[in-house]
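*Asks:*
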Ligand SMILES: C[S@@+](CC[C@H](N)C(=O)[O-])C[C@H]1O[C@@H](n2cnc3c(N)ncnc32)[C@H](O)[C@@H]1O
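In the numbering used here, the protein residues as written are 117 to 290.
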């Protein structure tokens, strides 16, 4: 779903938070001049590097082993930010949980958004994957209270949950 959402978008500077194996960053590299791929897990960064190398990427890609956006200076701006973060509303108890556990009240996604907002360029957009198993009304309220708009780009329904890709951006002035 995230690939479909990002693949048609051209941007100068793109950022993927939680790059895992690097697939989304690889797709971003097709239409974006410079891509930053971040993951808190070192092995994920190594996998991303291997996958980008074996797919002959010829754009500038920076792979960063770090926590959300903490590696960036205050003034860094991105035109496109994509993330399929850990989004299940459970606590992170063992190391492997880092890939799917977002904290009981989806605290990771809120922290992610709080960090991302100052890094979005004027017309920048964020594409974010979430699950209906977490409190999405609270997430939407949180985004709107920060002065951003949030809309659903795509939804897939499974018998136990819905997976949604949200587009988050600054409201247009027109
Ligand atoms: C659900 S996986 C997504 C992987 C890949 N982007 C994809 O879409 O298949 C979430 C990724 O976020 C990473 N992650 C979790 N917490 C993070 C944090 N605080 N900062 C950066 N990355 C994080 C995990 O290590 C994992 O690779």
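Here a beta-carbon is modelled for each residue, glycine too, at the ideal position from N, C-alpha and C.
Is residue 246 buried or exposed, if buried means 16 or more other CB atoms sit within 10 Å of its CB?
*Replies:* buried
*Asks:* Could you tell me if the beta carbon of residue 205 falls within a distance shorter than 7 Å of some heavy atom in ligand 1?
*Replies:* no
*Asks:* Mind checking residue 155: buried by the 16 CB within 10 Å criterion, or exposed?
*Replies:* In the assembly as shown, residue 155 is a buried residue. Its beta-carbon has 16 or more other beta-carbons within 10 Å.
*Asks:* So for residue 291, helix, strand or coil by DSSP?
*Replies:* Since the first residue shown for the chain is 117 and the last is 290, residue 291 is missing from the structure and cannot be characterised.
*Asks:* Can you tell me whether residue 221 sits near ligand 1, meaning its C-beta is under 7 Å from at least one heavy atom of the ligand?
*Replies:* no
*Asks:* Buried or exposed: residue 132, going by 16 or more other Cβ atoms within 10 Å of its Cβ?
*Replies:* buried
*Asks:* Enumerated in chain order, which unbroken segments of the beta strand (DSSP E) with a length of 3 residues or greater are wholly contained in the region 164–207?
*Replies:* 176–181, 194–199
*Asks:* Start and end of the alpha helix (DSSP H) containing residue 122?
*Replies:* 118–122
*Asks:* Relative to the C-alpha of residue 118, which residue among 254, 128, 143 is closest?
*Replies:* 143
*Asks:* Answer yes or no: the CB of residue 120 versus the heavy atoms of ligand 1, is any distance below 7 Å?
*Replies:* no
*Asks:* Can you say whether residue 201 is buried or exposed, counting buried as having 16 or more other CB atoms within 10 angstroms of its CB?
*Replies:* buried
*Asks:* Indicate whether the contact test is met: 3 or more Cβ pairs, each with one atom in the region 246–266 and one in the region 221–230, closer than 8 Å.
*Replies:* yes
*Asks:* Measuring CA to CA, which of 191, 158, 225, 224 is closest to residue 182?
*Replies:* For residue 182, the closest of 191, 158, 225, 224 by C-alpha to C-alpha distance is 158.
*Asks:* From this set, 134, 141, 137, 184, which residue's C-alpha is nearest residue 122's C-alpha?
*Replies:* 141
*Asks:* Count the other C-beta atoms from every protein chain shown that fall within 10 angstroms of the C-beta of residue 161, then say buried if there are 16 or more, exposed otherwise.
*Replies:* buried
*Asks:* On a Cα-Cα basis, can you pick out the residue from 191, 252, 223, 209 that is closest to residue 234?
*Replies:* 191
*Asks:* Taking the alpha carbon of residue 149 as the reference point, which residue from 167, 128, 206 has its own alpha carbon closest?
*Replies:* 128
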